[in-house]
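This report refers to the structure that appears directly beneath it.
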Amino acid sequence: MFTIVFFGLFFGLIIFVFTLIASKKKGKFYLAPIVTFLTSLGVTAYGFIKVRGFEGMAYGFLGAGIFSVAVLGTILLPFISSKMNDKQLGKRDKGILVALPLVLFATIGLVLYTDDNYWVINEGFTPYDNQEENESLDSYYRISTISEGKKQIHVSLGEKYVGKDVEVEKVKVIGNTEVTLKLVDGGKSNKTPYIQIGVDQIVEPLKVQTTEGDVIHSQLERLP
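Quick note: the sequence shown uses this note's numbering, first residue 197, plus one each step.
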């Protein structure tokens, strides 16, 4: 929570300073807290109306951080504006106007890049008896819809992976969705692993594979 609020303060400060300098030429410094406040309102509304749920609350905390900057900026605005008598944009002002959007979008891109974009719902093992009817047990995945339209990918691994444990190596969400699983030692003997992965959405064609390059097919493809 505190991390999200901190990002809100950071984004709010960038928006406030950018608007403050951009409005310097016409002397309309009051636009800085107004634009910052409207941004916080828009972010919060998007979270609670569009996203909703726990993730929507995260947008609310982000909006709270931006709102705090708007309030503090309003309080300090008379002092700040009194120090900005020159209405001409100097080289430093122009440099800041160019740098701030770059910093903002670079930060957003970094957050999106480092975000896992998935969460592990459940994982465990399925008993495997080395009997004739089970010798052809194959790996497969199936998709189901969970809360608020999000998707769950249930991956059940077959006889090849008896005694293994499964981990999520990565989930690619840019373009089509790709799930890469890593099989490691440490599983249970005579049992095959399974894992249930949550994602916001699936962009077809979905590809599920292991780090060794084994492609896991949909359960629907296994049906006669």
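Glycine included, every Cβ here is placed at the ideal spot set by N, Cα and C.
So, does the CB of residue 292 fall closer than 8 Å to a CB anywhere in chain B?
-> This model lacks chain B altogether; it includes just one protein chain.
Under a three-way DSSP split, which group does residue 399 fall into?
-> Here residue 399 corresponds to residue number 203 of the sequence shown, with the count starting at 1. Residue state, collapsed to three classes: coil.
Is it buried or exposed for residue 246, if we count other Cβ within 10 angstroms and need 16 for buried?
-> Indexing the sequence shown from 1 puts residue 246 at position 50. When all chains shown are included, residue 246 counts as exposed.
N-terminal and C-terminal residue of the beta strand (DSSP E) that residue 375 is part of = Position 179 of the sequence shown holds residue 375. 374–381 is the extent of the beta strand (DSSP E) around residue 375.
Does DSSP put residue 335 in a helix, in a strand, or in coil?
-> Residue numbering aside, residue 335 sits at position 139 when the sequence shown is read from its first letter. It is coil, neither helix nor strand.
Kindly confirm or deny that the stretch 287–304 and the stretch 260–277 touch, where touching means at least three C-beta pairs closer than 8 Å.
-> The stretch 287–304 vs the stretch 260–277: no contact.
Assuming residue 223 contacts residue 261 (C-beta within less than 8 Å), just tell me the rounded distance between them.
-> Taking the sequence shown and counting its residues from 1, one reaches residue 223 at position 27. Taking the sequence shown and counting its residues from 1, one reaches residue 261 at position 65. That pair is no contact at about 28 Å.
Roughly how many whole angstroms lie between the Cα atoms of residue 393 and residue 211?
-> Translated into positions along the sequence shown, residue 393 becomes position 197. Translated into positions along the sequence shown, residue 211 becomes position 15. Roughly 36 Å between the two C-alpha positions.
Quick one: residues in its chain with C-beta nearer than 6 Å to the C-beta of residue 391, no 5 flanking neighbours on either side, listed in chain order?
-> Here residue 391 refers to the residue found at position 195 of the sequence shown. These residues qualify, in order along the chain: 319, 351 and 362.
8 Å contact criterion, which residue 289 and residue 230 should meet: CB distance rounded = Mapped onto the sequence shown, residue 289 falls at position 93. Mapped onto the sequence shown, residue 230 falls at position 34. Not confirmed; about 20 Å, so no contact.
Same chain only: Cβ atoms within 6 Å of residue 256, ignoring 5 sequence neighbours per side = Counting from 1 along the sequence shown, the entry for residue 256 is found at position 60. So the list reads 240 and 243, once near-sequence residues are dropped.
Which residue comes first and which comes last in the beta strand (DSSP E) that contains residue 351?
-> In the sequence shown, residue 351 corresponds to position 155, counting from 1. It spans 347–352 - the beta strand (DSSP E) in which residue 351 sits, taken as one unbroken run.
Can you name, in chain order, every residue of its own chain whose Cβ lies under 8 Å from the Cβ of residue 174, other than the five neighbours on each side?
-> In the structure as shown, the chain begins at 197 and stops at 420. Residue 174 is therefore absent and cannot be evaluated.
When you compare only the Cα positions, how much space is there between residue 323 and residue 372?
-> Your numbering for residue 323 matches position 127 in the sequence shown. Your numbering for residue 372 matches position 176 in the sequence shown. Their backbone Cα atoms lie some 33 Å apart in a straight line.
When we look at the beta-carbon of residue 375 and count the other beta-carbons within 10 Å, is it buried (16 or more) or exposed?
-> In the sequence shown, counting from the first residue as 1, residue 375 sits at position 179. For residue 375, the number of other beta carbons within 10 angstroms of its own is at least 16, and it is reported as buried.
Using the rule of at least 16 other Cβ atoms within 10 Å of the residue's Cβ for burial, across every protein chain shown, is residue 343 buried or exposed?
-> The residue you call residue 343 lines up with position 147 of the sequence shown. Counting Cβ neighbours within 10 Å, residue 343 comes out exposed, since fewer than 16 surround it.
What number of angstroms, rounded off, separates the C-alpha of residue 357 from the C-alpha of residue 306?
-> As a working mapping, residue 357 is identified with position 161 in the sequence shown. As a working mapping, residue 306 is identified with position 110 in the sequence shown. Going from the Cα of residue 357 to the Cα of residue 306 covers about 36 Å.
Inspect the beta-carbon positions of residue 314 and residue 364 and report whether they are closer than 8 Å.
-> What you label residue 314 is simply residue 118 of the sequence shown in a count that begins at 1. What you label residue 364 is simply residue 168 of the sequence shown in a count that begins at 1. Yes, the pair counts as a contact, with Cβ atoms nearer than the cut-off.
Which listed residue (253, 220, 317 and 254) has its alpha carbon closest to that of residue 278 | Taking the first residue of the sequence shown as 1, we reach residue 278 at position 82. Residue 278 has its Cα closest to that of 220, out of 253, 220, 317 and 254.
Own chain residues within Cβ distance below 6 Å of residue 202, not counting five before or after | For the purposes of this step, residue 202 is taken as residue 6 along the sequence shown, with counting starting at 1. Here the set comprises nothing.
May I have the straight-line CA-CA distance separating residue 299 from residue 321, to the nearest angstrom?
-> What you label residue 299 is simply residue 103 of the sequence shown in a count that begins at 1. What you label residue 321 is simply residue 125 of the sequence shown in a count that begins at 1. Roughly 46 Å separates the two Cα atoms.
Residue 225, DSSP secondary structure in three states = As a working mapping, residue 225 is identified with position 29 in the sequence shown. Of the three classes helix, strand and coil, the one that applies to residue 225 here is coil, per DSSP.
For the alpha helix (DSSP H) containing residue 213, list its first residue and its last residue.
-> Here residue 213 refers to the residue found at position 17 when the sequence shown is read from its first residue. Here the alpha helix (DSSP H) through residue 213 covers 198–218.
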